[in-house]
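Residue numbers (full-length UniProt numbering), protein chains in the order written: chain A, 1 to 201; chain C, 1 to 201. Structure first, commentary second.
Number of protein chains: 2
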Amino acid sequence: MRTADPELHRQRRQQIVGAAVELFATKGLAKTTTAEICRAAGVSTGNLFHYFPSKLAIFYALFEVDRDEWDELFAATAADPDPWAGLMRVVDQLAADAAHPVLAGLLVEIFAQAHRDPECAALVAEGDQRMLRGITALVERLVADGRADPVVPPPDAARWVLTTTDAFHTRGYPEPDRDRTTEIAQAKRVIARLLGHPEGR
Amino acid sequence: MRTADPELHRQRRQQIVGAAVELFATKGLAKTTTAEICRAAGVSTGNLFHYFPSKLAIFYALFEVDRDEWDELFAATAADPDPWAGLMRVVDQLAADAAHPVLAGLLVEIFAQAHRDPECAALVAEGDQRMLRGITALVERLVADGRADPVVPPPDAARWVLTTTDAFHTRGYPEPDRDRTTEIAQAKRVIARLLGHPEGR
DNA sequence: GTCTATAGAGGGATAGAC
DNA sequence: GTCTATCCCTCTATAGAC
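Next up, the structure:
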C-alpha cells in the first residue's frame, strides 16, 4: 500500500497556490476558472480537487503564507533593541508588498471578497489583529522609552500607522510620476509626527 | 415620427443604475447578472441594452453620480470663507460615505475592477484628481492664512488627508466596538497635526 | 411613415458537473 | 470528455408618438 507523503502534499499545495495567486490577482476570484488554475499549475482537475475542496479554499490558503511571513518579521522586531528601527522595518515591508504588482492586485481582491464573504472577512480580521498587536507593542516600547508621545493611545496609534501605509497602495491606477523612495520617506515622517517621535519635527 | 425624450432617457438610466448599485455592492460585478439587474429595475433585457451597451457601461455610469455630488460639495467649500470648516465638511462627507454599507461595498469592488481594467482605472484616477484638487485648494488657503504649516507641500498634504480618511473604511470585516463619532474626531486631530493646524497641538 | 421605447426569445460562448 | 446550465448580448417584433 502507498502511504501519504506529507512533504509531497505540502509541495503540491504550494504549487497550486502559487499558480492561483497570479490568476486571482490579475483576473479576480470570480473570473478565474478552476480549469485555468489546473493548466497553470500543471495538474489535472481531479488532482486539484484532491488537494483543495473548492476554488475558495485555494483562495483562503493564501492567508497562511502571509501569516507566516509577518510572524517572522514581528519576532525579529521584538528581538531588536531599537523599537523605532523595528517599526521602520514594518513600514518598509508594507511598502514592498504594495509595490509588488501581484500582491497589490490580490489585496484589493481579498478586500472585495471580505465584504461579502464572512469566512474571508474573519481571515482578514485575524491578519489585521496580528498586525495591530505587533505594531502596538512597538509603539508601547517607544512610549516607555520616552521616545514617542502619540496623539492617541498606542492601539489607536498602531491603527493610524497602518492607515498611513495604506497610502502605498494606489487606488488601482498607475501613477507614472510616482517616486516610491520619497513616498516611503514621507510616510515615515508622517508616522513620526503622528507618534510624536523626534523625527517628525 | 417619434422624437427622443431626454428626460425619460435620463430617468430610465437612473432607474437601472439605482437597481444595479445594490447588486454590484453585495454580489460583486462579475457575479451580478444582467437578468438580475433587469428584474430589480423592472425592465426587460432588450430595454436594458437599449440604454446601456453593456453591463460594464452600467458600472461606469456610477462614477457620474459621484462626480456630480463632489463637484457640488467643493463648490460650497470654495464659497465658504473658512477653509478649515470646508475641509472638515469634506472629511465628514468621506466618513458618511464610508459608513454607508452599499457605498463601502461598491468602493472595494471599484478598486478591484480598477486593478485589472484600464478604463475603470482612468475613471478612478479622474475622481481622485478632482478630490485632490479640491483639498489642495483648501490647504493652500489655510497656509496662505497662516493657519497651517504642513510637513509636506500642499498637494502631498492633500493626498495625506485622503489617506487619513481611508481609515473610515472597514477592511471588509465587521468591527463591533467601533465608535464612528470619536473616530472622526480622531481623524480630524490627526489631519490637524499633519497640517500643522492649531487643533492638532 | 418613420423613429423610439419596450419586450422577450434565442445565439454563441463557456463554465462546471458527472 | 460529454452534457447541461448559464450568461451576455443580439435580433426580431410590436405599440405608439410625431
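Each residue gets a CB set at the ideal place from its N, CA and C atoms; glycine is no exception.
For residue 83 (chain A), the CB contacts under 6 Å within the same chain, skipping 5 residues up- and downstream, are 138, 141, 142 in chain order.
Taking CB atoms only, residue 188 (chain A) has no neighbour in chain C less than 8 Å away. Counted as a single uninterrupted DSSP element, the alpha helix (DSSP H) harbouring residue 74 (chain A) occupies residues 55-79. At a cut-off of 8 Å between C-beta atoms, residue 161 (chain A) does not count as an interface residue with respect to chain C. Inclusion of residue 159 (chain C) and residue 151 (chain A) in the CB contact set at 8 Å is not warranted, their separation being larger than that value. With a cut-off of 8 Å on Cβ pairs, the stretch 168-180 of chain C is in contact with the stretch 108-124 of chain A, counting three or more such pairs.
The three-state reading of DSSP puts residue 50 (chain C) in helix, counting H, G and I together. For residue 24 (chain A), the CB contacts under 7 Å within the same chain, skipping 5 residues up- and downstream, are 32, 59, 106, 109 in chain order. Taking the Cα positions, residue 98 (chain A) is about 16 Å away from residue 166 (chain C).
In chain C, no part has a C-beta under 9 Å from the C-beta of residue 55 (chain A); the shortest such distance is about 13 Å. Contact of residue 86 (chain A) with chain C by beta-carbon distance below 9 Å is absent, the smallest such distance being about 22 Å. The beta carbon of residue 173 (chain C) falls within 8 Å of a beta carbon belonging to chain A, placing the residue at that interface.
For residue 136 (chain A), the enclosing alpha helix (DSSP H) covers residues 118-144. Interface annotation, residue 195 (chain A): not in contact with chain C, CB-CB separation never under 8 Å.
Residue 23 (chain C) carries a helical assignment under DSSP once its states are collapsed to helix, strand and coil. Between residue 28 (chain A) and residue 114 (chain C), the C-beta gap is not smaller than 8 Å, which leaves the two residues out of contact. In the three-state reduction of the DSSP assignment, residue 174 (chain A) falls in the coil class.
Secondary structure of residue 30 (chain C) (DSSP, three-state): coil.
Scanning chain A for C-beta atoms nearer than 9 Å to the C-beta of residue 33 (chain C) yields nothing, as the closest lies near 12 Å away.
By the Cβ criterion, the stretch 6-20 of chain C is in contact with the stretch 55-71 of chain C, since at least three pairs of Cβ atoms, one from each stretch, lie closer than 8 Å. Annotation: residue 199 (chain C) is outside any alpha helix (DSSP H) and is labelled neither H nor E by DSSP. The beta carbons of residue 161 (chain A) and residue 135 (chain A) sit closer together than 8 Å. A straight-line Cα-Cα distance of about 48 Å links residue 68 (chain C) and residue 48 (chain A).
In the DSSP annotation of this structure, the continuous segment of the alpha helix (DSSP H) that includes residue 86 (chain A) starts and ends at 83-99. Using a Cβ-Cβ cut-off of 8 Å, residue 128 (chain C) counts as an interface residue toward chain A, since at least one Cβ of chain A sits closer than that to its own. Contact annotation: residue 1 (chain C) and residue 70 (chain C) have beta-carbon atoms that are not nearer than 8 Å.
Using beta-carbon distances, residue 166 (chain C) counts as an interface residue toward chain A, with a partner under 8 Å. In the three-state reduction of the DSSP assignment, residue 169 (chain A) falls in the coil class. In this structure, DSSP gives residue 45 (chain A) a helical state, which the three-state scheme calls helix. About 21 Å separates the Cβ atoms of residue 168 (chain C) and residue 76 (chain C), ruling out a contact at the 8 Å cut-off. Taking 9 Å as the upper bound on Cβ-Cβ separation, chain C lies near residues 110, 111, 112, 113, 114, 115, 116, 117, 118, 120, 121, 122, 123 of the stretch 110-123 of chain A. Per the C-alpha coordinates, the member of C:4, C:30, C:26 positioned closest to residue 116 (chain C) is C:30.
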